[in-house]
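The structure under discussion appears below in the form of structure tokens.
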Amino acid sequence: MLDQYIGVVITFALGAVIVLGMVSASMIFGARPTSRRAVKDEVFECGNPSSGPARGRFSVHFYLVAILFIVFDVEVVFMYPWAIVFRQLGVPGLIEMLTFVAILGFGLAYVWKRGALAWD
Amino acid sequence: MGAALFLVLAVLTVAAALGVVLHPNPVKSALFLVVTLFLLAVVFVLLEAHMIAALQIIVYAGAIMVLFLFVIMLLNLQIDDPERGRRRLVLRGLAWAGGILLAVELAVLTRGAPVGDVGTAPAGYGGAEAVAKSLFTDFLLPFELTSILLLVAVVGAVVLAQKQRRPTIS
Amino acid sequence: MGLIEVGIAAAKAFAVLMLVLHMSAILLWVERKGSALIQDRIGANRANIFGVMPFNFGLINTLIADPLKLITKEDVVPAGADKFLHFLAPFLAVFPVMVTFAAVPFGDQLVIGDYTINLQVAALDIGILYVLAMSSLAVYGVVLGGWASNSRWALLGGIRGSAQMISYEIAMGLALIGAVMTFGTLDMQAIARAQGHHFFGLIPAWGVIYQPLGFLIFLIAGIAETKRVPFDLPEGESELISGYFTEYSGMKQAAFMLSDFAESVVVAGLVTTLFFGAWQVPFLFRDGFHLPGGAIVALPHLLVVALQIAAFTLKVFFFCVFQILVRWTLPRYRYDQVMDLGWKYLLPLALANMLVTGVVIVLLG
């Protein structure tokens, strides 16, 4: 059973080596900085003077999207085992999943209605 | 082979967990937590719980940690000031951890006869089909209650987030 | 678990990783020249060898000159940015995408002497869940890329990009449920083999016939996940320069661009495997062609394997070219339109698809 994963382990190792080599290639072979001016260290804002470090309040919608993603990801993750044994469960299995989806569909409708999905 | 592999994984996992707790930068702390969860998933695979390992990565390392990172970045949590009594806190934490570990060890060692042979797991144990079969027959009620739990989470999140009315960047 | 098995697995892993990398490089060239064709201009043709025929199609520009240029650029890390995170972000952007292909079957099986080699790097029982797990790890590259740049606009681009990616991950996951219900397994090689028979002896039983809506939802969600046009607001090439990876230069930037094409290849690979028969060639079975009408054309085993691998590569290439065509045809969506599409349209549609599939399967017994 665990033999399946030898391919995964090798792919991870090979992939890590290849990607590490690629990302560090310009650190190794890249041109050395000829000067170190303050301007070069600033971030690029299309020529405008820098508007400061990454601070400021961001909209709470991103947080909401992340929470909704967790909830619906858990839902999807419950559906996968159901999809496999679905034929053996027959109609009762269908009704069980219908209830599950209905309750969560009600949640989605509530979120939609309250406008939490808007302007993001 | 299995024991050596588990030992290596255990050391790495504990090291990553220590990184979570001890590192001053919150973003790197969260990344250490992602590594810890990934290593835990590998431990699950060693225990033949393939389905749970995949779900651990999909839900925990892939969804919940993304939420953690969002919150850390959106709140712009600063790096901890290392001067303020950190050394004492670390020592106290280690003392507590050591004490609990000692208590657990004593409880295990004074147990008496070791647990008898638990037998081998049935074939396919921990695979998707076995988990699915027991989930939708024996554990049907907890499954349906989980949907209500998720609904509560959704409603709670929306209610909490709706109070903001100040101008923000989106 | 002998040395031979490890060696075979290593060879397969190497082959698959090289496939992804090389296909990304070729697609880069196809994109440059293809977009030039679509926009009625010539495209890159400066670097060539005395104007000799195949070389002045921009191949040397794209495949040799550009990578060399990128490797020798200075690696600029903006002041105040965390050096380790700046290095980690492009790594995390490319790595999960490349290892996703470990679960994708690129052929049936190769029999050499005593060994039957399953042409799939890792024959995982939970193949589709592994693919989903690696896709969810790909979000970290975007989020960290924005954060490690120490720029407010890059951070905004990174957060927006990752919000978009996680929104479409749900639609992707749900769209596949229908296919899993139809085939009853998460093992991708089993799904590929199950698409081998033909309806009425003529039409190959590919997944798209069972799940047309699932295919469409998955394709759209996949394109959105790769942050390509029309969903490329986080990158915003014509407006924001590069969005979340503005502050990266040299090979780190190349890594982010590679992640774009590699994700494209992965989406194409998944669509091919689940909905278009993976390596199946119509009427080709293990011993040769079984044509409708009864004629059997026997073929040697190696030729059959070669045909199947070629079929897989061609199908993946077709879907990648399709994504490139979509990119150069459609205008960009606004961000709220992107989120609306993901949550309000694709998610309910995918749920409905799953329920209808369930009802149909139960009714058909």
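Chains as they are written, first to last, in the numbering used here: chain D, 1325 to 1444; chain B, 8 to 177; chain Y, 4 to 368.
We put the beta carbon where it would ideally sit given N, CA and C, even for glycine.
Q: Compute the distance between the beta-carbons of Ala84 of chain Y and Asn153 of chain Y, then report whether it is under 9 Å.
A: yes
Q: Could you check the C-alpha separation between Ile41 of chain Y and Pro334 of chain Y for me, to the nearest Å?
A: 14 Å
(Q) Please state the DSSP three-state secondary structure of His201 of chain Y. (A) strand
Q. Within 10 angstroms of its Cβ, does Gln340 of chain Y collect 16 or more other Cβ (buried), or is it exposed?
A. exposed
Q: Report the rounded CA-to-CA distance for Phe315 of chain Y versus Trp209 of chain Y, giving the unit in angstroms.
A: 13 Å
Q: Consult DSSP for Thr360 of chain Y and reduce its assignment to one of helix, strand or coil.
A: helix
Q) If you compare alpha carbons, which of Y:Pro285, Y:Phe322 and Y:Lys347 is closest to Phe203 of chain Y? A) Y:Pro285
(Q) Considering only their Cβ atoms, is the gap separating Val162 of chain B from Tyr1434 of chain D smaller than 9 Å? (A) yes
Q) For Leu236 of chain Y versus Tyr348 of chain Y, is the C-beta spacing smaller than 9 Å? A) no
Q. Leaving out the 5 sequence neighbours to the left and right, which residues in its chain are closer than 8 Å to Val1395 of chain D when beta-carbon positions are compared?
A. Leu1428 and Gly1431
Q) Buried or exposed: Gly149 of chain Y, going by 16 or more other Cβ atoms within 10 Å of its Cβ? A) buried
Q | Within 9 Å, strictly: CB atoms of Ala105 of chain Y and Gly1354 of chain D | A | no
**Q.** Spatially closest choice to Tyr143 of chain Y from Y:Phe186, Y:Phe94 and Y:Gly176, by CA coordinates
**A.** Y:Phe94
**Q.** Three or more C-beta pairs below 8 Å linking the segment 62–73 of chain B and the segment 125–143 of chain Y
**A.** yes
**Q.** Limits of the alpha helix (DSSP H) - the one that Phe109 of chain Y falls within
**A.** Phe109 of chain Y -> not in any alpha helix (DSSP H); beta strand (DSSP E) instead, spanning Pro108 to Ile115.
Q.
Can you list, in chain order, the residues of its chain with a C-beta nearer than 8 Å to that of Tyr2 of chain Y? Leave out the 5 residues immediately preceding and following it.
A. Outside the displayed span of chain Y (4 to 368) sits residue 2 of chain Y, for which this structure offers no information.
Q | Within chain B, partners of Ile162 of chain Y - CB distance below 8 Å | A | Phe77, Met80 and Leu81
Q. Would a check of beta-carbon distances place Pro1357 of chain D closer than 9 Å to chain B?
A. no
Q) Smallest Cα separation from Ala4 of chain B: which of D:Val1384, D:Ser1359, D:Ala1349 and D:Val1401? A) Because chain B here runs from 8 to 177, residue 4 of chain B falls outside it and cannot be looked at.
Q) Can the beta-carbon of Val307 of chain Y be found closer than 9 Å to that of Leu122 of chain Y? A) no
Q) Beta-carbon of Gly1417 of chain D versus every beta-carbon of chain A: anything under 9 Å? A) Absent from the structure: chain A. Protein chains present are D, B and Y.
Q) Ends of the alpha helix (DSSP H) at Val1343 of chain D? A) Tyr1329 to Phe1353
Q | Cα-Cα separation between Ile312 of chain Y and Gly296 of chain Y, rounded to whole angstroms | A | 26 Å
Q: Using only alpha-carbon positions, find the residue among B:Glu55, B:Ala24 and B:Val28 that is nearest to Phe45 of chain B.
A: B:Ala24
Q | Members of the segment 146–159 of chain Y that neighbour chain B once the beta carbon cut-off is set at 9 Å | A | Val146, Leu147, Gly149, Trp150, Ala151, Arg155, Leu158 and Leu159
Q) What residue ranges within the segment 28–80 of chain Y form continuous alpha helix (DSSP H) runs of no fewer than 4 residues, ordered along the chain? A) 69–74
**Q.** Spatial neighbours of Val329 of chain Y in its chain, beta-carbon cut-off 8 Å, leaving aside the 5 residues before and after
**A.** Ile226, Arg231, Val232 and Pro233
(Q) Tell me which residue opens and which closes the beta strand (DSSP E) that Tyr118 of chain Y is part of. (A) Tyr118 to Gln123
Q. For Val42 of chain B and chain D, any beta-carbon pair shorter than 9 Å?
A. no
Q: Determine the burial state of Glu1399 of chain D: buried for a count of at least 16 other Cβ atoms within 10 Å of its Cβ, exposed for fewer.
A: buried
Q: May I have the straight-line CA-CA distance separating Asp145 of chain B from Pro31 of chain B, to the nearest angstrom?
A: 45 Å
**Q.** Residues near His89 of chain Y in its chain [Cβ-Cβ closer than 6 Å; skip 5 each side]
**A.** Val80 and Ala151
Q. Which residue's Cα is closest to the Cα of Ile1408 of chain D: Y:Thr119, Y:Phe186, Y:Leu140 and Y:Val359?
A. Y:Phe186
Q) If you check the beta carbons only, do Leu76 of chain B and Val100 of chain Y fall under 9 Å apart? A) no
Q: Go through its chain and collect everything with a Cβ distance to Val1404 of chain D's Cβ below 7 Å, but skip five positions before and after it.
A: The question names Val, but residue 1404 of chain D in the sequence shown is Tyr. Result list for Tyr1404 of chain D: empty, nothing under 7 Å.
Q | When Y:Leu159, Y:Thr188 and Y:Ile212 are compared against Met80 of chain B, the one with the closest alpha-carbon | A | Y:Leu159
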